[in-house]
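Take any residue in the sequence shown, count from 1 to its spot, add 2: that is its number in our numbering.
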Amino acid sequence: MQNLKGRDFITLADFSPEELRQLLDFAHYLKQQQKMGLACRPLTGRTLAMLFHKHSTRTRVSFAVGMYQLGGQALYLGADELQLGRGETAADTARVLSRYVDAILIRTYSHELVKELAAAADVPVINGLTDLTHPTQALADFFTLEEKKGRLAGLKLAYVGDGNNVAHSLLIGAAKLGVNISLACPPGYEPQGEIVAMAREAAAKSGTAVAVGTDPREAVAGADAVYTDVWTSMGQEAESAARRTAFAAYQVNAALMARAKPDALFLHCLPCHRGEEVTAEVVDGPQSAVFDEAENRLHAHKAILAAVMR
Ligand code: CP
Ligand code: NVA
């Protein structure tokens with residue numbers, strides 16, 4: 003067992019496939035314990051500070067509840083209400099919070115801000131979503147995929163839509179964990195080249211394929227799971243009309259799902275917009291695993307917290 007105590011959780015790229023494997027195994031164990039009604043409280047007396055610059059339902063609640071279940075407590079801090087919102091630096095905020103709490107979760111716009119906070123903090127910093135990545139989501143997604151399919155190695159995950167933060171973390175995670183990943187994004191909305199290159203490098207080591215194209219039908223052909231996310235992410239609201247036009251042919255509907263394997267799962271990080279990126283028929287249909295996926299944020303986050311907090 004690798005010791006992950008004191009580690010930041012900022013991008014899946016910082017973790018080896020073995021470390022990610024260990025976190026997934028730990029999440030499975032913690033879920034089993036919880037389902038059997040067995041308490042597991044390794045974080046008694048510990049506190050997590052949760053800084054949010056953006057809205058959240060799942061991330062906020064699952065991290066808070068995860069801390070309580072592990073014996074600790076969570077402190078929600080609207081980042082704009084902190085002195086951080088009045089010009090105190092991220093570094094000073096990190097130094098001060100490190101004197102009070104045992105880990106910091108942050109959801110914000112700038113990935114650089116999270117790195118800055120982590121560089122100055124003496125406690126682990128967890129990325130609860132930036133404009134660039136959403137690693138806690140991807141860990142829970144691979145956990146869900148493994149739980150439902152009984153394995154990860156050799157599966158094909160198709161992602162249709164925006165090459166955004168969620169797509170970036172899925173790309174890195176898939177390549178590290180041995181999942182083939184195929185993306186279809188409208189021209190101009192592809193994932194960042196640096197992230198694709200990083201994923202391809204990891205995929206070369208794990209022996210998997212990373213495909214990035216523009217054709218949703220090609221991406222989902224024979225897939226074990228089809229994933230999509232909103233067309234307009236938080237912070238991009240001014241672009242929403244243009245995005246609705248650009249993504250119109252990228253809706254996950256029954257006809258598209260029919261191109262995947264008959265037992266393919268439908269996944270979505272949520273929140274979703276029925277009638278935009280996914281039809282109600284698909285997200286509320288028998289192949290959809292979105293609420294188990296949302297539940298699994300709790301178990302995956304508990305694994306991260308218990309692994310990195312001292
Ligand atoms: N999927 C996700 O991160 O959900 P929230 O925005 O509700 O946290
Ligand atoms: N891509 C979305 C994910 C929300 C959980 C966003 O950043 O808004």
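Note that the Cβ used here is the ideal one computed from N, Cα and C, for glycine as well. Note that this is a predicted model, so its numbers are computed, not measured.
### Message
At a cut-off of 7 angstroms, would you count valine 63 as near the ligand NVA, judging by its Cβ distance to the nearest heavy atom?
### Response
No, since every heavy atom of the ligand NVA falls outside the 7 angstroms radius drawn around the Cβ of valine 63.
### Query
Would you report the Cα separation of arginine 60 and alanine 223, rounded to the nearest angstrom?
Taking the straight line joining both Cα atoms gives about 30 angstroms.
### Query
Looking at the structure shown, is leucine 269 part of a helix, part of a strand, or coil, going by DSSP?
For leucine 269, the three-state secondary structure derived from DSSP is strand.
### Message
Give me the DSSP bridge partner(s) of glycine 215.
### Response
By DSSP's assignment, glycine 215 forms a beta bridge with Ala186.
### Query
Can you tell which of Arg88, Leu45 and Gly87 has its C-alpha closest to the C-alpha of valine 67?
Of all alpha-carbon atoms in Arg88, Leu45 and Gly87, the one lying nearest the alpha-carbon of valine 67 is that of Leu45.
### Contiguous beta strand (DSSP E) assignments of at least 3 residues, all confined to the segment 230 to 296
DSSP runs (the beta strand (DSSP E)) wholly in the segment 230 to 296: 267 to 270.
### Query
Since valine 310 contacts alanine 105 with CB under 8 angstroms, what's their CB separation in whole angstroms?
Taking 8 angstroms as the upper bound for CB-CB distance, valine 310 and alanine 105 are in contact here, some 7 angstroms apart.
### Query
Rounded to a whole number of angstroms, what is the C-alpha to C-alpha distance between lysine 207 and glutamine 75?
Each residue's alpha carbon lies about 39 angstroms from the other.
#### Entry: The alpha helix (DSSP H) enclosing tyrosine 31, as first and last residue numbers
Run containing tyrosine 31: 19 to 37, per the alpha helix (DSSP H) assignment.
### Task
Take phenylalanine 145 as the anchor and find which of Thr281, Pro193, Gln34 and Glu203 has the nearest alpha-carbon.
Nearest of Thr281, Pro193, Gln34 and Glu203 to phenylalanine 145, Cα basis: Gln34.
#### Entry: Three-way DSSP call (helix, strand, coil) for arginine 109 in this model
In this structure, arginine 109 counts as strand in the three-state DSSP scheme.
### Task
Determine, using beta carbons only, whether glutamate 108 and leucine 53 come nearer to each other than 8 angstroms.
Note that residue 108 is isoleucine in the sequence shown, not glutamate. In this structure, the beta-carbon distance from isoleucine 108 to leucine 53 falls below 8 angstroms.
### Query
Is it the case that the Cβ atoms of alanine 155 and alanine 122 are separated by a distance below 8 angstroms?
Contact flag unset, no.
### Query
Per DSSP, what kind of secondary structure is leucine 115 in: helix, strand or coil?
Residue state, collapsed to three classes: helix.
### Query
CA-CA distance, glutamine 36 and arginine 153?
Cα-Cα distance, rounded: 22 angstroms.
### Task
Tell me whether phenylalanine 293 is buried or exposed, calling it buried when 16 or more other Cβ atoms sit within 10 Å of its Cβ.
Here phenylalanine 293 is exposed: its Cβ has fewer than 16 other Cβ atoms, across all protein chains shown, within 10 Å.
### Task
Please determine, among Leu179, Ala251 and Glu114, the residue with the shortest C-alpha to C-alpha distance to aspartate 133.
Closest option to aspartate 133, Cα to Cα, is Glu114.
### Query
I think phenylalanine 65 touches histidine 303, with their Cβ atoms under 8 angstroms apart; what is that distance to the nearest whole Å?
The pair is a contact, with the Cβ atoms about 5 angstroms apart (cut-off 8 angstroms).
### Query
Hey, quick one: how far does the beta strand (DSSP E) through tyrosine 78 stretch, first residue to last?
Tyrosine 78 -> beta strand (DSSP E) spans 75 to 80.
### Query
Between alanine 205 and the rest of its own chain, which residues show a CB-CB distance below 7 angstroms, the 5 nearest in sequence each way excluded?
Within the same chain, and ignoring the five residues on either side of alanine 205 in sequence, the residues whose Cβ sits closer than 7 angstroms to its Cβ are Ala177, Ala211 and Val212.
### Message
Using the three-state DSSP reduction, which class does alanine 122 fall into: helix, strand or coil?
### Response
Residue state, collapsed to three classes: helix.
### Query
Excluding the five sequence neighbours on either side, which residues of its own chain have a C-beta within less than 7 angstroms of the C-beta of valine 127, listed in chain order?
Excluding positions up to five away in sequence, the list reads Asp10, Ile12, Ile106, Ile108, Val116, Leu119 and Ala120.
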